[in-house]
Amino acid sequence: MLLNVTRITGGILLKSIKKLAAIGLSAVLAVSLAACNGKEKASSDSGKSSEKQITLNFWTFGATGYEDLAKAYETEHPNIKIKVRSAETAEHHDALFTALSAGSGAPDITMLEIDQLDRFKAAQDRFENLYDLGAKDIENLYLDWKWKTGENEKGDFLIGLPTDIGPKALYYRTDVFEAAGLPTDPEKVAALINSPAAFEEAGLKVKEKTGKPFIDSIEMAFRAYLDAAQETFLNPKGELLLEQDGNAVKKAYDYAVKLNKLGIVGKFEMWSPEWANAVNKGEFAAELGAGWLKGWMEGNATEAAGKWRVATLPSDFAANWGGSFIAIPKETKHAKEAYQFASWLISPENQLKSFQEKGLFPSAPSIYDMEAFKNNQDKFFGGQSTAPVFAKAAQDVNGAIFKGEKYFPVYQEVLNALKNVQNKGTDPEKEWKDAVKRAKDLLSR
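Residue numbers -34 to -1, 1 to 411, in mature numbering (1 follows the signal peptide of the UniProt record, and there is no 0), belong to the letters of the sequence shown in order.
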(Lines of atoms letter the chains of each structure in order from A and count residues from 1; the text may use other names and numbers.)
(Lines give C-alpha, C1' and ligand atoms only; values in the text may rest on other atoms or scores of the structure.)
Protein backbone atom coordinates (compact mmCIF):
# COMPACT_ATOMS: atom_id res chain seq x y z
CA MET A 1 0.00 0.00 0.00
CA LEU A 2 1.51 3.35 -1.06
CA LEU A 3 1.06 6.45 1.05
CA ASN A 4 1.53 10.10 0.12
CA VAL A 5 3.72 11.56 2.83
CA THR A 6 4.76 15.12 3.58
CA ARG A 7 8.28 15.21 5.00
CA ILE A 8 9.37 18.06 7.22
CA THR A 9 13.01 18.43 8.03
CA GLY A 10 14.61 20.65 10.66
CA GLY A 11 18.31 21.23 11.01
CA ILE A 12 20.10 20.72 14.24
CA LEU A 13 23.61 20.53 12.95
CA LEU A 14 25.01 18.17 15.52
CA LYS A 15 26.91 14.93 15.11
CA SER A 16 25.88 11.63 16.68
CA ILE A 17 22.80 12.19 18.85
CA LYS A 18 22.01 15.63 17.59
CA LYS A 19 22.59 15.07 13.92
CA LEU A 20 19.06 13.99 13.26
CA ALA A 21 16.85 14.98 10.35
CA ALA A 22 13.37 15.86 11.48
CA ILE A 23 11.19 13.32 9.75
CA GLY A 24 7.57 14.45 9.85
CA LEU A 25 5.32 11.42 9.87
CA SER A 26 1.99 12.38 8.35
CA ALA A 27 -1.18 11.71 10.25
CA VAL A 28 -2.16 9.13 7.69
CA LEU A 29 0.85 7.02 8.73
CA ALA A 30 -0.82 6.45 12.08
CA VAL A 31 -3.83 4.78 10.46
CA SER A 32 -4.02 1.05 11.03
CA LEU A 33 -2.68 -0.90 8.08
CA ALA A 34 -4.13 -4.26 8.91
CA ALA A 35 -5.17 -4.71 5.29
CA CYS A 36 -1.56 -4.21 4.20
CA ASN A 37 -0.06 -6.30 6.95
CA GLY A 38 -2.30 -9.32 6.91
CA LYS A 39 0.59 -11.68 6.55
CA GLU A 40 0.45 -14.42 9.15
CA LYS A 41 3.56 -14.61 11.32
CA ALA A 42 5.34 -17.86 10.54
CA SER A 43 6.70 -18.08 14.06
CA SER A 44 3.46 -17.63 15.97
CA ASP A 45 2.28 -21.24 15.77
CA SER A 46 4.80 -22.94 17.98
CA GLY A 47 6.01 -22.51 21.55
CA LYS A 48 9.66 -22.48 20.61
CA SER A 49 11.85 -21.44 17.71
CA SER A 50 11.70 -23.57 14.59
CA GLU A 51 14.88 -25.39 13.68
CA LYS A 52 14.63 -24.27 10.07
CA GLN A 53 17.04 -21.57 8.97
CA ILE A 54 15.77 -18.08 9.70
CA THR A 55 17.36 -14.79 8.65
CA LEU A 56 16.69 -11.64 10.66
CA ASN A 57 17.54 -8.26 9.18
CA PHE A 58 18.62 -5.83 11.91
CA TRP A 59 19.01 -2.10 11.17
CA THR A 60 21.25 -0.11 13.51
CA PHE A 61 22.96 3.28 13.69
CA GLY A 62 26.07 4.53 15.43
CA ALA A 63 28.94 2.55 16.91
CA THR A 64 27.03 -0.02 18.95
CA GLY A 65 29.12 -3.15 18.54
CA TYR A 66 25.89 -5.09 17.99
CA GLU A 67 27.54 -6.94 15.09
CA ASP A 68 29.72 -8.84 17.57
CA LEU A 69 26.79 -9.64 19.83
CA ALA A 70 24.80 -10.86 16.82
CA LYS A 71 27.61 -13.29 15.96
CA ALA A 72 27.61 -14.58 19.54
CA TYR A 73 23.86 -15.14 19.33
CA GLU A 74 24.25 -17.03 16.05
CA THR A 75 26.76 -19.35 17.73
CA GLU A 76 24.20 -20.18 20.41
CA HIS A 77 21.35 -20.44 17.86
CA PRO A 78 22.70 -22.16 14.71
CA ASN A 79 19.37 -21.86 12.89
CA ILE A 80 19.37 -18.04 13.21
CA LYS A 81 21.29 -15.74 10.85
CA ILE A 82 21.33 -12.03 11.73
CA LYS A 83 22.22 -9.51 9.05
CA VAL A 84 23.24 -6.25 10.71
CA ARG A 85 23.10 -3.06 8.68
CA SER A 86 24.56 0.10 10.20
CA ALA A 87 24.04 3.66 8.95
CA GLU A 88 24.30 7.25 10.10
CA THR A 89 21.47 8.25 12.44
CA ALA A 90 19.58 10.44 9.97
CA GLU A 91 20.04 8.01 7.08
CA HIS A 92 18.85 5.12 9.23
CA HIS A 93 15.60 6.77 10.33
CA ASP A 94 14.98 8.18 6.86
CA ALA A 95 15.28 4.72 5.28
CA LEU A 96 13.07 3.18 7.94
CA PHE A 97 10.44 5.86 7.42
CA THR A 98 10.47 5.20 3.68
CA ALA A 99 10.10 1.45 4.12
CA LEU A 100 7.26 1.82 6.62
CA SER A 101 5.48 4.28 4.32
CA ALA A 102 5.77 1.87 1.37
CA GLY A 103 4.58 -1.09 3.42
CA SER A 104 7.54 -3.18 2.27
CA GLY A 105 11.29 -3.30 2.76
CA ALA A 106 11.35 -2.79 6.53
CA PRO A 107 13.75 -4.92 8.60
CA ASP A 108 12.78 -7.57 11.14
CA ILE A 109 14.40 -5.57 13.94
CA THR A 110 15.37 -1.90 14.14
CA MET A 111 16.85 0.65 16.47
CA LEU A 112 14.92 3.86 17.22
CA GLU A 113 16.69 6.90 18.69
CA ILE A 114 14.84 8.47 21.61
CA ASP A 115 14.42 11.85 19.93
CA GLN A 116 12.86 10.11 16.91
CA LEU A 117 10.67 7.77 18.95
CA ASP A 118 7.46 9.80 19.08
CA ARG A 119 7.43 10.17 15.31
CA PHE A 120 7.29 6.42 14.97
CA LYS A 121 4.87 5.97 17.86
CA ALA A 122 2.38 7.82 15.68
CA ALA A 123 2.60 4.79 13.39
CA GLN A 124 2.39 2.09 16.04
CA ASP A 125 0.25 -0.08 13.75
CA ARG A 126 3.42 -0.57 11.72
CA PHE A 127 5.12 -2.24 14.69
CA GLU A 128 4.67 -5.31 16.83
CA ASN A 129 3.30 -4.69 20.32
CA LEU A 130 6.15 -6.11 22.37
CA TYR A 131 3.77 -6.76 25.24
CA ASP A 132 2.14 -9.39 23.02
CA LEU A 133 5.53 -11.08 22.67
CA GLY A 134 6.29 -11.32 26.39
CA ALA A 135 7.94 -7.99 27.28
CA LYS A 136 6.00 -7.69 30.56
CA ASP A 137 8.18 -10.50 31.91
CA ILE A 138 11.33 -8.35 31.79
CA GLU A 139 9.95 -4.88 32.58
CA ASN A 140 11.28 -4.86 36.14
CA LEU A 141 14.87 -5.23 34.90
CA TYR A 142 15.01 -1.67 33.53
CA LEU A 143 14.72 1.94 34.71
CA ASP A 144 11.03 2.78 34.97
CA TRP A 145 11.28 6.09 33.10
CA LYS A 146 13.15 4.46 30.22
CA TRP A 147 10.62 1.65 29.94
CA LYS A 148 7.63 3.99 30.11
CA THR A 149 9.14 6.16 27.39
CA GLY A 150 8.85 3.17 25.06
CA GLU A 151 5.09 2.84 25.69
CA ASN A 152 2.19 4.58 23.98
CA GLU A 153 0.13 7.13 25.90
CA LYS A 154 -2.32 4.49 27.20
CA GLY A 155 0.48 2.24 28.38
CA ASP A 156 -0.91 -0.82 26.60
CA PHE A 157 1.48 -0.86 23.63
CA LEU A 158 5.27 -1.14 23.87
CA ILE A 159 7.01 -0.08 20.68
CA GLY A 160 10.62 -0.49 21.84
CA LEU A 161 12.76 -2.39 24.32
CA PRO A 162 15.22 -0.19 26.29
CA THR A 163 18.88 -0.15 25.32
CA ASP A 164 21.37 2.61 26.15
CA ILE A 165 20.59 5.93 27.80
CA GLY A 166 22.27 9.35 28.07
CA PRO A 167 22.24 10.56 31.69
CA LYS A 168 23.72 14.05 32.00
CA ALA A 169 26.46 15.26 34.33
CA LEU A 170 28.74 18.26 34.78
CA TYR A 171 32.00 17.81 32.86
CA TYR A 172 34.54 20.35 34.14
CA ARG A 173 38.18 21.34 33.67
CA THR A 174 40.16 20.98 36.89
CA ASP A 175 42.80 23.50 35.80
CA VAL A 176 40.20 26.20 35.05
CA PHE A 177 38.29 25.48 38.27
CA GLU A 178 41.51 25.68 40.27
CA ALA A 179 42.44 28.99 38.67
CA ALA A 180 39.00 30.30 39.61
CA GLY A 181 39.39 29.23 43.24
CA LEU A 182 36.78 26.47 42.91
CA PRO A 183 37.18 22.93 44.27
CA THR A 184 38.30 20.23 41.86
CA ASP A 185 37.27 17.04 43.70
CA PRO A 186 34.03 15.69 42.10
CA GLU A 187 32.17 15.29 45.39
CA LYS A 188 33.12 18.79 46.53
CA VAL A 189 32.12 20.24 43.15
CA ALA A 190 28.73 18.52 43.35
CA ALA A 191 28.24 19.81 46.91
CA LEU A 192 29.12 23.37 45.87
CA ILE A 193 27.23 23.54 42.57
CA ASN A 194 23.99 22.12 43.94
CA SER A 195 21.41 24.52 42.50
CA PRO A 196 20.85 26.76 39.46
CA ALA A 197 21.85 29.76 41.58
CA ALA A 198 25.08 28.05 42.67
CA PHE A 199 25.71 27.18 39.03
CA GLU A 200 25.54 30.88 38.16
CA GLU A 201 27.84 31.84 41.05
CA ALA A 202 30.46 29.36 39.95
CA GLY A 203 30.24 30.75 36.44
CA LEU A 204 30.79 34.29 37.66
CA LYS A 205 33.89 33.21 39.60
CA VAL A 206 35.32 31.58 36.47
CA LYS A 207 34.63 34.71 34.46
CA GLU A 208 36.14 37.01 37.09
CA LYS A 209 39.28 34.97 37.76
CA THR A 210 40.07 33.56 34.31
CA GLY A 211 38.15 35.62 31.78
CA LYS A 212 36.79 32.39 30.28
CA PRO A 213 33.15 31.44 29.77
CA PHE A 214 31.76 28.91 32.23
CA ILE A 215 29.85 26.83 29.66
CA ASP A 216 30.46 26.46 25.97
CA SER A 217 27.30 27.74 24.28
CA ILE A 218 23.88 29.26 24.70
CA GLU A 219 22.38 26.03 23.41
CA MET A 220 23.84 24.07 26.33
CA ALA A 221 22.58 26.79 28.70
CA PHE A 222 19.13 26.32 27.15
CA ARG A 223 19.30 22.55 27.53
CA ALA A 224 20.09 22.81 31.26
CA TYR A 225 16.39 23.05 32.11
CA LEU A 226 14.99 21.81 28.80
CA ASP A 227 16.39 18.28 28.98
CA ALA A 228 15.04 17.90 32.52
CA ALA A 229 11.43 18.44 31.39
CA GLN A 230 9.07 15.55 30.64
CA GLU A 231 7.04 17.66 28.20
CA THR A 232 8.56 20.53 26.26
CA PHE A 233 7.24 21.92 22.99
CA LEU A 234 4.27 19.61 22.46
CA ASN A 235 2.00 17.38 24.52
CA PRO A 236 0.85 13.89 23.42
CA LYS A 237 -2.19 15.45 21.72
CA GLY A 238 0.11 17.41 19.45
CA GLU A 239 -0.77 20.76 21.04
CA LEU A 240 1.87 23.49 21.20
CA LEU A 241 2.72 24.30 24.82
CA LEU A 242 4.89 27.38 24.33
CA GLU A 243 2.20 29.91 25.34
CA GLN A 244 1.01 28.08 28.44
CA ASP A 245 1.88 29.46 31.87
CA GLY A 246 4.85 27.72 33.43
CA ASN A 247 5.94 26.18 30.15
CA ALA A 248 9.26 24.34 30.53
CA VAL A 249 10.65 25.72 27.27
CA LYS A 250 10.11 29.36 28.32
CA LYS A 251 11.75 28.63 31.67
CA ALA A 252 14.76 27.12 29.88
CA TYR A 253 14.83 30.01 27.39
CA ASP A 254 14.79 32.65 30.14
CA TYR A 255 17.55 30.88 32.04
CA ALA A 256 19.77 30.76 28.95
CA VAL A 257 19.12 34.48 28.35
CA LYS A 258 20.08 35.18 31.98
CA LEU A 259 23.34 33.23 31.80
CA ASN A 260 24.22 34.97 28.56
CA LYS A 261 23.53 38.38 30.13
CA LEU A 262 25.85 37.44 33.01
CA GLY A 263 28.59 36.89 30.44
CA ILE A 264 29.30 33.28 31.37
CA VAL A 265 28.21 31.65 28.09
CA GLY A 266 30.64 31.01 25.25
CA LYS A 267 30.08 30.78 21.50
CA PHE A 268 31.51 27.31 20.89
CA GLU A 269 28.92 25.31 18.96
CA MET A 270 29.13 21.66 19.90
CA TRP A 271 30.92 19.39 17.40
CA SER A 272 32.40 22.35 15.49
CA PRO A 273 36.19 22.45 15.02
CA GLU A 274 36.30 25.51 17.28
CA TRP A 275 34.46 23.63 20.02
CA ALA A 276 36.75 20.60 19.73
CA ASN A 277 39.78 22.85 20.02
CA ALA A 278 38.27 24.59 23.05
CA VAL A 279 37.69 21.23 24.76
CA ASN A 280 41.36 20.37 24.18
CA LYS A 281 42.75 23.76 25.21
CA GLY A 282 40.46 24.51 28.15
CA GLU A 283 38.87 27.59 26.64
CA PHE A 284 35.71 27.10 28.67
CA ALA A 285 35.24 25.58 32.12
CA ALA A 286 32.31 23.17 31.97
CA GLU A 287 29.97 21.18 29.75
CA LEU A 288 26.54 19.81 30.55
CA GLY A 289 27.00 16.52 28.73
CA ALA A 290 25.58 13.02 28.57
CA GLY A 291 27.45 9.82 29.33
CA TRP A 292 28.21 9.21 25.67
CA LEU A 293 30.35 12.39 25.53
CA LYS A 294 33.03 10.52 27.48
CA GLY A 295 33.78 8.34 24.48
CA TRP A 296 34.23 11.34 22.19
CA MET A 297 36.55 13.06 24.65
CA GLU A 298 38.71 9.99 25.15
CA GLY A 299 39.17 9.61 21.40
CA ASN A 300 39.35 13.23 20.28
CA ALA A 301 40.53 15.45 23.15
CA THR A 302 43.87 13.76 23.81
CA GLU A 303 45.58 17.05 24.74
CA ALA A 304 43.15 17.39 27.65
CA ALA A 305 43.71 13.91 29.12
CA GLY A 306 43.69 14.05 32.91
CA LYS A 307 42.29 17.58 33.04
CA TRP A 308 38.57 16.80 32.96
CA ARG A 309 36.39 15.36 35.73
CA VAL A 310 32.68 14.61 36.07
CA ALA A 311 30.32 15.65 38.87
CA THR A 312 26.61 15.29 39.53
CA LEU A 313 24.47 18.15 38.22
CA PRO A 314 22.01 20.07 40.43
CA SER A 315 18.74 18.11 40.78
CA ASP A 316 16.90 20.78 38.74
CA PHE A 317 19.08 19.80 35.78
CA ALA A 318 18.86 16.00 36.24
CA ALA A 319 18.12 14.75 32.75
CA ASN A 320 18.65 12.28 29.97
CA TRP A 321 20.04 13.21 26.56
CA GLY A 322 20.10 10.44 24.01
CA GLY A 323 19.73 6.68 23.96
CA SER A 324 17.73 4.24 21.89
CA PHE A 325 15.21 1.40 21.73
CA ILE A 326 14.85 -1.86 19.82
CA ALA A 327 11.61 -2.23 17.84
CA ILE A 328 10.13 -4.94 15.60
CA PRO A 329 8.29 -3.76 12.47
CA LYS A 330 4.96 -5.51 11.82
CA GLU A 331 6.20 -6.57 8.43
CA THR A 332 8.45 -9.29 9.85
CA LYS A 333 7.51 -12.93 9.32
CA HIS A 334 9.55 -13.93 12.38
CA ALA A 335 8.22 -11.81 15.23
CA LYS A 336 8.91 -14.40 17.91
CA GLU A 337 12.50 -15.04 16.85
CA ALA A 338 13.09 -11.31 16.45
CA TYR A 339 11.84 -10.71 20.00
CA GLN A 340 13.95 -13.54 21.41
CA PHE A 341 17.08 -11.97 19.92
CA ALA A 342 16.12 -8.40 20.90
CA SER A 343 15.39 -9.32 24.52
CA TRP A 344 18.69 -11.23 24.69
CA LEU A 345 20.55 -8.27 23.17
CA ILE A 346 19.31 -5.82 25.81
CA SER A 347 19.76 -8.18 28.77
CA PRO A 348 21.73 -6.72 31.72
CA GLU A 349 24.66 -9.02 30.90
CA ASN A 350 24.89 -7.76 27.32
CA GLN A 351 24.28 -4.16 28.32
CA LEU A 352 27.33 -4.43 30.56
CA LYS A 353 29.34 -5.73 27.59
CA SER A 354 28.11 -2.86 25.42
CA PHE A 355 29.13 -0.39 28.12
CA GLN A 356 32.60 -1.89 28.57
CA GLU A 357 33.31 -2.21 24.86
CA LYS A 358 31.45 0.73 23.27
CA GLY A 359 30.50 3.06 26.11
CA LEU A 360 26.75 2.54 25.73
CA PHE A 361 25.39 3.50 29.13
CA PRO A 362 23.08 0.76 30.48
CA SER A 363 19.40 1.19 31.32
CA ALA A 364 19.37 -1.91 33.55
CA PRO A 365 20.03 -0.58 37.09
CA SER A 366 21.23 -3.96 38.42
CA ILE A 367 24.46 -3.24 36.52
CA TYR A 368 25.11 -0.15 38.62
CA ASP A 369 25.98 -2.32 41.64
CA MET A 370 28.36 -4.61 39.75
CA GLU A 371 32.05 -4.26 40.62
CA ALA A 372 33.01 -4.36 36.94
CA PHE A 373 30.83 -1.26 36.47
CA LYS A 374 31.53 0.71 39.65
CA ASN A 375 35.29 0.27 39.55
CA ASN A 376 35.71 1.03 35.87
CA GLN A 377 38.36 3.77 36.20
CA ASP A 378 38.71 6.29 33.38
CA LYS A 379 42.31 7.20 32.65
CA PHE A 380 41.25 10.25 30.63
CA PHE A 381 39.42 11.58 33.69
CA GLY A 382 42.43 11.26 35.97
CA GLY A 383 41.52 7.76 37.08
CA GLN A 384 38.07 8.81 38.29
CA SER A 385 35.37 6.12 38.25
CA THR A 386 32.82 8.17 36.34
CA ALA A 387 30.20 5.44 35.92
CA PRO A 388 28.63 5.91 39.40
CA VAL A 389 28.14 9.62 38.67
CA PHE A 390 26.11 8.86 35.55
CA ALA A 391 24.31 6.01 37.32
CA LYS A 392 23.05 8.44 39.96
CA ALA A 393 22.01 10.85 37.22
CA ALA A 394 20.11 8.07 35.44
CA GLN A 395 18.15 7.29 38.59
CA ASP A 396 17.37 10.97 39.20
CA VAL A 397 15.48 11.35 35.90
CA ASN A 398 11.87 12.07 36.79
CA GLY A 399 9.39 10.14 34.62
CA ALA A 400 8.90 9.12 31.00
CA ILE A 401 10.13 11.51 28.32
CA PHE A 402 7.88 12.87 25.58
CA LYS A 403 9.31 14.75 22.60
CA GLY A 404 6.56 14.89 19.99
CA GLU A 405 6.57 14.36 16.25
CA LYS A 406 7.82 17.85 15.35
CA TYR A 407 10.28 18.28 18.19
CA PHE A 408 13.27 19.16 16.03
CA PRO A 409 11.90 21.91 13.78
CA VAL A 410 10.25 23.64 16.75
CA TYR A 411 13.42 23.25 18.84
CA GLN A 412 15.41 24.86 16.05
CA GLU A 413 13.14 27.90 15.92
CA VAL A 414 13.63 28.58 19.64
CA LEU A 415 17.36 27.97 19.37
CA ASN A 416 17.58 30.42 16.46
CA ALA A 417 15.92 33.02 18.68
CA LEU A 418 18.54 32.47 21.40
CA LYS A 419 21.38 32.72 18.92
CA ASN A 420 19.98 36.03 17.69
CA VAL A 421 19.91 37.28 21.28
CA GLN A 422 23.52 36.27 21.82
CA ASN A 423 25.02 37.20 18.46
CA LYS A 424 22.92 40.21 17.43
CA GLY A 425 21.88 41.64 20.78
CA THR A 426 18.20 41.50 19.84
CA ASP A 427 15.37 41.76 22.37
CA PRO A 428 14.77 38.35 24.03
CA GLU A 429 11.00 38.78 24.39
CA LYS A 430 10.53 39.81 20.78
CA GLU A 431 12.66 36.88 19.66
CA TRP A 432 10.57 34.54 21.81
CA LYS A 433 7.29 35.79 20.36
CA ASP A 434 8.63 35.49 16.83
CA ALA A 435 9.82 31.91 17.53
CA VAL A 436 6.39 30.96 18.88
CA LYS A 437 4.75 32.35 15.74
CA ARG A 438 7.11 30.35 13.52
CA ALA A 439 6.41 27.24 15.56
CA LYS A 440 2.67 27.70 15.06
CA ASP A 441 3.23 28.06 11.33
CA LEU A 442 5.20 24.79 11.30
CA LEU A 443 2.42 22.91 13.05
CA SER A 444 -0.24 24.29 10.72
CA ARG A 445 1.44 22.91 7.59
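C-beta: ideal position from N, C-alpha, C; glycine also.
Secondary structure, beta strand (DSSP E): runs of 3+ residues fully inside the stretch 346 to 382: none
Residue range of the unbroken alpha helix (DSSP H) whose run includes K217: 214 to 227
Residue range of the unbroken beta strand (DSSP E) whose run includes S52: 46 to 53
The stretch 230 to 237 / the stretch 264 to 277 touching (three or more Cβ pairs under 8 Å): no
Three-state secondary structure (DSSP) of residue 452: Nothing about residue 452 can be read from this structure; the chain reaches only from -34 to 411.
Where I(-12) falls: helix, strand or coil (DSSP): Confidence in I(-12) is poor, its pLDDT being 35 and thus under 50, which makes the residue's placement too unreliable to answer from.
Own chain partners of K7 with C-beta closer than 8 Å, once the 5 adjacent residues on each side are dropped: Residue confidence for K7 is low, a pLDDT of 46 falling below 50, so the modelled location carries little weight and cannot support an answer.
For F93, the residue or residues it bridges with in DSSP: P295
Proximity test, Cβ basis, 8 Å: G204 and chain C: In summary, chain C is missing from the structure at hand, where a single protein chain is found.
Test item: CB-CB of D151 and K273 under 8 Å: no
G121 and F291 closer than 8 Å at C-beta: no
Reference F165, options A222, T352, P202, T115, closest by Cα: Nearest C-alpha to F165: A222.
Sheet register partners of Y138 (DSSP bridge): A252, R275
Beta-carbon contacts of S329 that lie in its chain and below 6 Å, excluding the five residues immediately before and after: Excluding sequence neighbours, S329 sits near Y108, L109, K112, P128, I131.
Nearest-angstrom Cα separation, counted from Q306 out to L318: 19 Å
Three or more C-beta pairs below 8 Å linking the stretch 379 to 389 and the stretch 397 to 406: yes
L83 versus N226: straight-line alpha-carbon distance, rounded: In a straight line, the C-alpha of L83 is about 32 Å away from that of N226.
Of the listed residues F346, D362, L66, L409, nearest to K372 (C-alpha basis): Cα-wise, what sits closest to K372 is L409.
Residue ranges of each alpha helix (DSSP H) within the stretch 57 to 129, 4 or longer: 83 to 87, 110 to 115
Run of the beta strand (DSSP E) containing N23, from where it starts to where it stops: Counting along the chain, N23 sits inside the beta strand (DSSP E) bounded by residues 20 to 27.
Helix, strand or coil at N160 according to DSSP, with G and I counted as helix: coil
Sub-8 Å separation of L279 and A359 beta-carbons: yes
Beta-carbon separation (whole angstroms), F356 vs G257, contact threshold 8 Å: The Cβ separation is near 4 Å, so the contact holds.
Euclidean distance between Cα positions of L200 and E42: 45 Å
C2 - DSSP class collapsed to helix/strand/coil: Because C2 carries a pLDDT of 44, less than 50, the predicted location of this residue cannot be relied on, and no value is offered for it.
Burial state of T198 (16 or more Cβ within 10 Å): buried
Residue(s) in a DSSP beta bridge with P280: Answer is none; P280 lacks a bridge partner.
Contacts around G289, its chain only, beta-carbon distance under 6 Å, and the 5 residues preceding and following it disregarded: I80, D130, I131, G132.
The stretch 244 to 254 contacting the stretch 172 to 190, beta-carbon criterion three pairs below 8 Å: yes
Where G257 sits in the DSSP three-state scheme: coil
Residues sharing a beta bridge with I181, DSSP: V231, A252
Assumed close pair A308, I104 - CB separation to whole angstroms, cut-off 8 Å: With 8 Å as the limit, A308 and I104 do not qualify as a contact, their Cβ atoms being about 11 Å apart.
Opposing strand residues paired with F327 [DSSP bridges]: I131
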